[in-house]
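Sequence positions in the sequence shown follow full-length UniProt numbering and run 1 to 159.
Where is the CB? At the ideal position from N, CA and C, for every residue including glycine.
Structure record follows, encoded as structure tokens.
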Amino acid sequence: MTKLLLTLHVLAAVVTVGPVTVAAGMFPPSARRALAAPGDARALATVLTLHRICRVYAVVAVAVPVFGLATANTMHVLGSPWLITSIALTVAAAAVLAAVMLPRQSALLAALGDGERVQQTGAVARAAGRLAVYTGMFNVLWATVTVLMVVRPGSTTGA
Numbered sequence: 001m002t003k004l005l006l007t008l009h010v011l012a013a014v015v016t017v018g019p020v021t022v023a024a025g026m027f028p029p030s031a032r033r034a035l036a037a038p039g040d041a042r043a044l045a046t047v048l049t050l051h052r053i054c055r056v057y058a059v060v061a062v063a064v065p066v067f068g069l070a071t072a073n074t075m076h077v078l079g080s081p082w083l084i085t086s087i088a089l090t091v092a093a094a095a096v097l098a099a100v101m102l103p104r105q106s107a108l109l110a111a112l113g114d115g116e117r118v119q120q121t122g123a124v125a126r127a128a129g130r131l132a133v134y135t136g137m138f139n140v141l142w143a144t145v146t147v148l149m150v151v152r153p154g155s156t157t158g159a
């Protein structure tokens with residue numbers, strides 16, 4: 001049962017967190033391109049698609065910790081420091097995504113849809129830059145979780 005749960009956990013992470021990581025990373029530069037070409041419907045469509053990927057896959061990504069906790073339970077490692085740290089970092093990454101990145105993406109989309117506002121200020125470009133920083137934080141959190149899941153410092157269960 002452990003191998004099945006671990007496989008589902010890893011697949012869920014790859015299939016859900018991977019697309020969010022890529023789409024979120026592409027969003028700020030795509031928003032800047034859309035800002036540079038206010039009438040470009042294709043540029044705006046790209047930004048809309050990236051935001052949708054982030055929103056949808058963020059919800060589906062709930063499967064990752066569900067399968068992860070089930071796997072940890074069958075492996076009897078729920079109290080392991082590497083796992084507790086991974087859980088805390090996962091919560092932090094989810095909070096950055098849900099409370100910071102997705103709302104800022106939505107705000108940028110609203111601003112991009114308002115052509116006059118975009119032309120009058122550089123605020124949207126600065127907002128895209130700040131979003132890129134939060135996206136980088138999100139990606140570093142997930143990379144750290146991945147390393148902890150593979151290396152499992154102090155674990156006696158292999159690896």
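What do you get for A24, buried or exposed, if any count of 16 or more other CB atoms within 10 angstroms of its CB means buried?
-> For the purposes of this step, residue 24 is taken as the residue at position 24 of the sequence shown. That one is buried.
Do L112 and A12 have their CB atoms nearer than 7 Å?
-> Position 112 of the sequence shown, counted from the first residue, corresponds to residue 112. Position 12 of the sequence shown, counted from the first residue, corresponds to residue 12. Going by C-beta atoms, L112 is not nearer than 7 Å to A12.
So what does DSSP say about G68, is it helix, strand or coil?
-> Against the sequence shown, residue 68 aligns to sequence position 68. Three-state result, G68: helix.
Could you give the uninterrupted runs of the beta strand (DSSP E) lying entirely in the segment 25-74, keeping only those of 3 residues or more?
-> none
In angstroms with no decimal places, state the Cα-to-Cα distance between S86 and A127.
-> In the sequence shown, residue 86 corresponds to position 86, counting from 1. In the sequence shown, residue 127 corresponds to position 127, counting from 1. One C-alpha to the other measures close to 29 Å.
Rounded to the nearest angstrom, how far is the Cβ of A98 from that of A58, given a contact under 8 Å?
-> Residue 98 sits at position 98 when you count from the first residue of the sequence shown. Residue 58 sits at position 58 when you count from the first residue of the sequence shown. Going by Cβ atoms, the distance from A98 to A58 rounds to 7 Å, so yes, they are a contact pair.
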